[in-house]
Each structure stands twice: as C-alpha cells, then as structure tokens.
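Heads up: the structure comes next, in structure tokens.
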Amino acid sequence: VATTKDRSEVLQGTLDLMVLKTLDALGPLHGYGIARRLEQVSDDQLRLNEGTVYNSLLRLVQEGWISSAWGASESNRKAKFYSITKTGRKQLARETESWERFSGVIGRVLRLGTDH
Amino acid sequence: MLRVLLSRVRATLRRSRLDDELDDELREHLAMLQERFVRNGRDPSEAFYAARRQFGGVTQVREALMERSALPRMDVLLQDFSVAIRSLRATPVATAVAVLSLALGIGANTAIFSILNSLLLKSLPVREASQLVTLDSVGPNEYFEISYPVWNQIRQVRGFDHSFAWATDRVRLSDTGEATFAEAVWASGNVFEVLGVPAALGRTFAIRDDSRGGGANGPVALISYRYWQQHFGGAADAVGRTLTVERVPFTIIGVAAPSFLGLNVGTTFDVMLPLETEPLLGRTPERLEIATWTWLQVMARLPPGQTPESLTVALRAAQPGIRAETMPSFDHVEDRGRYLRAALIAKSAPGGVSRLRRQYGTALSTLLVVVGLVLLVACANIATLMLARTAARHDEFSVRRALGASGARIVRLLLAESLVLSAVGTGIGLLFAQWGSRLLVGQLSTWAYTAVLDLSPDWRVLAATSATTVATAIFFCVVPAYRAAGVAPIDALKRRRLGLAGNSSALSGGALLIVQVAVSLLVLVGAALFLRSFTALAYRDLGFDRGRILVAVVETRRSAVPPAGRVELYERVREAVARVPGVESAALSMATPLGSAGVRFTPDITAPANPVFSGRNVRILTNPVSPDWFRTFGTKILAGRDFDGRDRAGAQNVAIVNEAFATHYFGAASPLGQTLIEANSPMDRRSVEIVGLVQDAAFASVRDPIEPTIYRPLTQRLDERWLTSVSNISVSIRVAQGSTSARLAASVAAAISGVDRDLAFTFQTLTETLSVFYIRERLLALLSGFFGVLALLIAGIGLYGVTAYSVNRRRTELGIRMALGATPRSVLWLVLSRVLMFVGLGVLVGVGVSIWASQFLASLLFGIQARDPVALIEAATTLVLVAVLAGWFPAWRASHVDPASVLQES
C-alpha cells in the first residue's frame, strides 16, 4: 500500500473526465464498479474518497452527459447503473482533445531545460 | 446552465423518492466495499470501518448530494430561519443594538428617499405628464415668471394652443379685523381640460368661466379636496355655496380630485379661480395689465412630434414680436434692452414646478448621503458584531460540519440570520420613516408657505427599501460567512483553551473598524460644518433686536379715510398702540426687516458732494419710517438725531442713512449735514439733508451683505401717489420687559380696531418672520447633528464590542503576561494602543475623504469655508475622545485580570 505522500490528489473536473471515459470504455456501471475501475487503472496512485465519485456522477447526470437506470449487480444486489449518452460522447471527445493538448503543453514546459 | 437548473427542478418534484434512492445507492456501495474487505481476509467489524474510511464521510457526501441535486428545500430554508432566530435570541443585547441601529439607518434612508421621491421623481397625477413642458423667462435677473401681457402673446404662437398659465396668490377670506387667508391659484380656463384632471364633486371650471367679470355663472371657484374636508367637513352641498374672496363673492362649482394638489409640487392650494376674474378684486397694481408684474407660470402640453427644444426654437422666433408688443414704459434704455433680451425657454416638466425643489433639493440629497453613510457605519458595526459572534461560535460551526452541514449550509445559516436582522430592522425602520418623513415635511412649512407632499410610497420607494434591506444583509454577512465556511469539522474535537487569538480575524475586524471610524468622521465633519454654518447665520448681527418685536401689518383699503388722510390715520393708530400697557414703544414704517411688506429700492439718489455714485449703480433701499423706529428695533443711532415732530411735510427734507450708505457715498467723511438729490421722477427732484447715521440693519436678506439704506420721515415721503398705490403700513411694537407678544396681540388688535373698525391687520413676531430664512440651515444642522451623534454612538459601541471581545479571547495571554510581571498599566496600554492604532488609521482615512468631499457642501454653507479646519478638528477630537472612552473600559478590565485564576482555568 502506497503511503499518502506517493498518491496524488484528484483535480476537480479531472475526475469527471475519468468517470466519463470509464463509462465509455466499459459500458453501464454502478458507482462501486466505477470506483473499483479507477482504483485498478490508477494502480493505486490516486488518493480518492470513493464518495466523491457520486459528486461527479451527479454533475454529469445534471449536464445530461450520462443517464442512470436501476438494475441488478453481479451479486444480485439492487444497484443504479450509469451509462454514457450521445452528448456525453461528444463531450468526452472534446474534453479528451483539450486534455491532451493541455498535458502536451505542460509536458513540454516541464521538459524545458533538461533537453539542453 | 439551464439544463442543470431544469434537472434540479425535476429532481425537486420527485424529491422524497430520490432521497430514498440515494440512501439505497450509498448503502449498497458501502456493503459491497465491506464485503470486499472481508473477502480480502479482514475481520467483519474491521471491514465495516475500513469501508467507511475508504468511502469518506457518508453523511457529508449525502448532504452535499442532496443539496446539489435539487432546489433548496422549503423546510430546510425554514429550518435555517428558525435556527437563525433562535441564535439571535440567545444574544439579546447584541441583537437589539443591531436591530435598533438598522431601524434608524434604514428608517432615515427611507424617510428622506420618500421625500426626495415625491419632490424630484414623481410625475404629476395628470394625464400623460411626460408631455408637459414649462416656459421660463430667463434673463440676467433670473426672472422665472411671466407677465400676463407676455402670456397673452405666447398663447397665440403656433404650437402653444395647449398651454395654460397660473399664479399662486394669498387672498383674504374676511374683510376686517384679524384676517384669515387662503392659498389661491389663478388659472386660465383650459387648465383642467389640458391636464385631464376631473372634479371629485361638481365640475371643474372651463374656458367659458374664464372671462372678465366671470362667465354665465358669474365668478366661480373650485376648491381643493383638502380644503373641502377641512372647511366644509366634506359636505355635498358645498357646491353652490358662496366663497367671499377679498369681499368679492365667488360661487363654488366643484371640488378637485383628491390626488390633485396643484402644479406647484411641495405645496397645495385651497381655492382655484379663473385668471380673468382677478380684476374683480380691484387690486393695484393691475396684475393683468402691467408687463413688469411677472407672476404667472406657464405650462404647455407638447403637440405630437414636438420636443421641448423645437418649442424653444419656435419661442425664440416669436420673441422679438412678443417683447416689442408688451414693452413696459421704462425710463432707462438699459432696462428696455434687458427686457428685449430675456429669453423664453421650454423645458420638460413631468413633475410640475416646485419652489421646495429649488430650495431643498440639494439639501435633501445631501441628507440622503449622510443617512446612507450612517447606514454604512451601522452595517460595518453589525458585521463586526457578527464576526465576533462567528468566532465565538467556532465550536458550534465545527460540530455542525461534523454532523454533515456543508460550507454552503453554514453560509446560508448566517445569511438567514442577517436577513432576519435586516428584515426586522426594516420593519421598525418603516414605522420610523412614516413618522419621520411627515415630521420633516412639517418642518419645511412656514407662515408664508405650507409644505404639503404626497408621501404615499410608490414602487420606487418599495424597491429602494427592499434593495437596501437585502444589500445590508449581504454586506454584513459576507466577512463572517467567509470565515465560518472555512471552519473544519475536526476543530470541534481540539481543545482550544489556550486562547491565543488568530491574526486573520483581528485583521478583517480591524478593517471594518477603520471603515466605521472613517465614515463616522465623514458624517461628523458634515455635522460640524452645518452646525457652524447655522450658528454663523443665526447669530449674525443683523442690526436690530430679534426677540422683543411684534409687527402688525395694517391694511387700510376698506377704510373710509381717503388716501390723503392716511398719514394722519397711521399716526393715530401708532399713538393708540403706544398707549397699550405692555408696549414699550411703537413705530410706523413701510418696510420691516425681512417682512412681507417687501423692500423698495428708489431709482435715483445722487450726492452732489460725490457724483460718482447713484441709486443706479448700487441698490439703495428707502424705508419711510416714523419717529422712534430705531428705538423700537434697537438699531443704534451712531451720530446725529432721530426724526421728530419738526420733520413735517413741507419742512426741510431730511434723511437718516446707514453705515453702508455713508461709506458708499462719502467714504470716511461724516455724512451729517451732507445733501442728497432724491429723484422720484424727472419732475420730482428733492434736496434732502442727512441728519443722522445709524448702524447697518438687514432688510432684504439674512445672508447677503447689508445694503445701503436711507430712512426718510413717513410724513415727508408718503405723497398722495404713493398712498393711493400702497394701502398698507407696518406698526412695529417693542414689547416691554415682563410682557409677551402673545399677551399683547389681543389688546393691540382692540386698540387698532378702536381707531377705525374697517382696518384689517395681521400679526407676526420678528422671530417668526426671521425663522423662515433659517429653515434650511436649521434643518441641516439639526439632522446632520442627530445623525452625527448616531454614527458616533454606533461606532463607539462597535469599538467597545470589538475591544471587549478581543480582551476576552486574549484573557489567557494577558494572564500569563501579568503572571510574568507585566504591570496593569502596561497591559492597559497594550490593549488601548491597538484600539488607538485602528482609530488613528480610520481618522487619517476619514480626514482625507472629508477634505475631498466637503467641496460638495460649499453651496449649502454660510459664513465658513467648506474646508473649515475648525470643523475638521472638532469632529476628529470628538471621535477620538469617544473611541478612547469606548476602548478604555475593556482595557481597564483586561488590566485587572487575575493571573492565578486564568492559569487555573487553563
């Protein structure tokens, strides 16, 4: 288990993007499933109170980028499943593009000096 | 944005189901998480806590989601308010201080705003008031009014078919004895048709009533609703009754609509009469004939497609014709030129015309700024109190947060408290405003002018008051809310007994203190300026005694005595009055100081000894007086003699002059024995010898420099021509020690009627006459003084509160200092120096702003400069004294902290 220092805080807004991408990649998921997936892909590098996932979900639902429906989980529990909508996909494309541009810039800035 | 809002609205409609669903969702998540920990080999009870640690605060998440998923819930809002009220009631003294200062602040603002609103912003209650324009005649002498001959020309100009003229007048309703007056308006017959004002009873008058001698119904009159209520008790048969105006019967044909107070905003009328029937009164001069009698005000309704500017252009084209047609018979060429050049201008006037507006508009706007500043001080003060309360409630807030309240919820709680405070303050303030605005308007009334304003609140007043309420609430909760929202849940668990005050709290509290001190100083400087200005005016030496003089203006037109015999009649009146017990002396004169008889300026006086000056370069006032006049008024005779029995008509013409006259004509040389040439007309030139020099005394104005004045014996000056045109005389009475004006009036009245029972007269003390001229200054001094003290009091309470609070917080620290050997004196200084630092900064800022802002008061001040250093020093000293006093008590208490008990507590 990594110590607190090694983990990074999740930026507000970034979490929304990650949730959106997760739903795009894996199809309908419940909150618990999204939390597990994030844990798995981040290799335990993210410090995250799982409750905050629900903040993201509420925001995305309110924007109309994802929708929700009740269903049964793998262990046959009652669970709310979230899935990405058509406008959500468009938003994801926009966000992904701008994130890549942004992280590219940051990366270049951070490499400055080491190249010379 | 819109989508989010819609989603929240939808969620609000299905709230309880969504709340349950959210609970289910979160519960299942936790259960799955817990199962996972168990699967990974944790102990079930351990897994329970591990799941919750990983999830984060369950209630916090839940509350945050519920709050954000839908619109705020009514019951939660109500809950906020009930919590707010509960916590306000827990600190009754602080709450009472806050509510009271807000009530005064908001009340005063509403009162003054509603007066300004009626005076400046409201439109006349007539049809399409926005189409109304006034016509002003603007000349070098600033004549605002228009003569009848000029009006007669104007109404024939194209585009002025819908114009009407009116004049305000004061008429006598009884003939003899002590007179009763009514405020009359003479108006052209089309006025009601153009304005679209209906009658409440009977009918309004029309063009057919407006003809010389009256129309088919004879002379008619319309009375105001107010007059109808007050003098006819609202009786339906008032219509058809007769109203006797200056001995001429007028038939009442109707009562005006209650909302119609006339066209002069700020006052009202009792009776309205057709303009063309004025000559029936037989007054001289003939007001409908003479082009120099400028007494009419003219308004017009804009024809379609016209603007005030295009009307002015039309007037300018017509002006030469109008002026040439109406040229009065001036003796001097320059007067003719001045008359020709006086321009006529049309100005938009949806609010009618108003003398009150001209006189008090600036003063009232200034007062609005003053009370606005007081409100600012009150808000800053409440903010300080709230800040202290917030700090004291640190524990409460952190417990609330630990129990799941979000930062937003805490801010809402504080906002609710603020709103409750300002709403209660506004409620009480509105009552105060109702009473205050009526009181204030009442103060503007004088014997010569009845101030009446429609003060019923309209949308502007309501909007301004609600905006003020909300703005104040937000203003004084912003800083505390910002602070409270930052409280962390964990704080509640920490023991914070050490009592070391945080720095940031002291800083924002300090900033608020500086604002309070600076703004209070600004208000105080204004108050000091107005007080000093009023004192300078009220105690100015006007050259006569104010306190003991009663003036009776006697009207002789109804007397059987012909004009030629009136001088003798006046003398008999004077002797009769002088014999009344309690009268020390009595004197006759044409003019009295600032009296209603008015002042007269003689056209031409030259001194052969110094031909440079004449009455044409400088205004020279002539006042014909009887012997004893100077003794009666207490004006000192500096050299020479008073008039006496020798100075009869036909004897050597003599005069007494004042110092200003002597200086003007003769410089430092003695005027006694000098000769003047008095030219009343080219045929009437008299040689007059100066026999006396008296001290300067004011006649025309209490403000302006005293003008050169020449006194002449009544017997020599009042010739038959004068006596025919002027039928009144003033009898001035010096009241003996031990008697009062009120007691004397009845016996003096009996004495006057005893000489000739057809004489009519009015009484007025000189004090009453003068009071009119001080109203604006007195009002400004009184109100700004009151609000200055209020601001001082509020700032004082604020300083005291903040100091007491910080002493409380620093108790432990101070105790330790004292235990380590600090003397009470040094502790006292420690606390006080902090207060003084803030006060000093506040005073510095305040002085700077005052010096800049005082320039706007210059036009309202008399006898002092706007940057009067004395006022500034007075204000700053008062403020610092109060601040030291406010800081002293808590500081003194701090220096008496018992170190032992403090250390035990910790």
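First to last, the protein sequences are chains E and W.
Numbering-wise, the first sequence is residues 37 to 152 according to the numbering used here.
Numbering-wise, the second sequence is residues 664 to 1569 according to the numbering used here.
The beta carbon of each residue, even a glycine, is placed where N, CA and C say it ideally should be.
Taking 9 Å as the cut-off, decide whether the C-beta atoms of residue 1119(W) and residue 796(W) are in contact.
no
Length of the line joining the Cα atoms of residue 792(W) and residue 1013(W):
5 Å
Are the C-beta of residue 1571(W) and some C-beta of chain E separated by less than 9 Å?
Chain W is shown only over 664 to 1569; residue 1571(W) falls outside these bounds and no answer can be derived.
Residues in the segment 718-732 of chain W with C-beta within 8 Å of chain C's C-beta atoms, listed in sequence order?
Considering every chain present, this structure includes no chain C. Its protein chains are E and W.
For residue 679(W), which residues in the same chain have their Cβ closer than 7 Å to its Cβ, ignoring the five residues on either side in sequence?
none
Does the beta-carbon distance from residue 1009(W) to residue 963(W) come in below 9 Å?
yes
Within 10 angstroms of the Cβ of residue 686(W), are there 16 or more other Cβ atoms? Answer buried if so, exposed if not.
exposed
Does any C-beta atom of chain W lie closer than 9 Å to the C-beta of residue 116(E)?
yes
In terms of residues, what are the limits of the alpha helix (DSSP H) holding residue 1052(W)?
1018-1055
Across which residues does DSSP place residue 1374(W) in a beta bridge pair?
1286(W), 1319(W)
Which of the three DSSP states, helix, strand or coil, is assigned to residue 729(W)?
helix
Helix or strand or just coil, what does DSSP make of residue 1369(W)?
coil
Please compile the residues from chain W whose C-beta is within a distance smaller than 8 Å of the C-beta of residue 96(E).
Neighbours of residue 96(E) on chain W: none; closest Cβ ~11 Å, over 8 Å.
Spatial distance of residue 1374(W) from residue 959(W) (CA atoms)
33 Å
Report the neighbours of residue 107(E) on chain W: residues whose CB is nearer than 8 Å to its CB, in chain order.
Neighbours of residue 107(E) on chain W: none; closest Cβ ~12 Å, over 8 Å.
Contact check, residue 767(W) vs residue 1037(W), beta carbons under 9 Å
yes
In chain order, which continuous runs of the beta strand (DSSP E) of length 3 or greater are located wholly inside the segment 957-1020 of chain W?
957-964, 1006-1011
Rounded to whole angstroms, how far is the Cβ of residue 14(E) from the Cβ of residue 96(E), which I believe are closer than 8 Å?
For residue 14(E) there is no data in the structure shown, the boundaries of chain E being 37 and 152.
Using a Cβ-Cβ distance under 9 Å, would residue 666(W) count as near chain E?
yes
Is there a Cβ of chain W sitting closer than 9 Å to that of residue 112(E), yes or no?
no
Provide the residue(s) that pair with residue 829(W) in DSSP beta bridges, ordered along the chain.
850(W), 960(W)
Whose CA, out of 1226(W), 814(W), 753(W), 1487(W), lies closest to the CA of residue 800(W)?
814(W)
So, residue 858(W) versus residue 787(W), is the Cβ gap smaller than 9 Å?
yes
Chain E beta carbons: is any one of them nearer than 9 Å to that of residue 751(W)?
no
Find the nearest neighbour of residue 670(W) within the set 94(E), 74(E), 64(E), 79(E), judged by alpha-carbon distance.
94(E)
For residue 112(E), does the three-state DSSP call read helix, strand or coil?
coil
Could you give the C-beta distance for residue 1405(W) and residue 1355(W), rounded to a whole number, given that I count them as a contact under 8 Å?
At roughly 34 Å, the Cβ-Cβ gap does not stay under 8 Å, so residue 1405(W) and residue 1355(W) are not in contact.
For residue 1291(W), count neighbouring Cβ atoms within 10 angstroms of its own Cβ and tell me buried if that reaches 16, exposed if not.
buried
Can you round the beta-carbon distance between residue 869(W) and residue 852(W) to whole angstroms, since I take them to be within the 8 Å contact cut?
6 Å
Contact residues within the segment 55-68 of chain E, judged by C-beta distance below 8 Å to chain W
66, 67, 68
Could you confirm whether any beta carbon from chain E is found closer than 9 Å to the beta carbon of residue 670(W)?
yes
Go ahead and pull the three-state DSSP assignment for residue 665(W).
helix
If you follow the alpha helix (DSSP H) that residue 893(W) is part of, which residue opens it and which one closes it?
888-895
Inter-residue CB distance, residue 1151(W) and residue 1028(W) (contact presumed, cutoff 8 Å)
Not a contact, Cβ separation roughly 48 Å.
DSSP-derived helix/strand/coil call for residue 646(W):
Residue 646(W) lies beyond the stretch modelled for chain W, which goes from 664 to 1569, so this question has no answer here.
Would you report the Cα separation of residue 1383(W) and residue 982(W), rounded to the nearest angstrom?
38 Å
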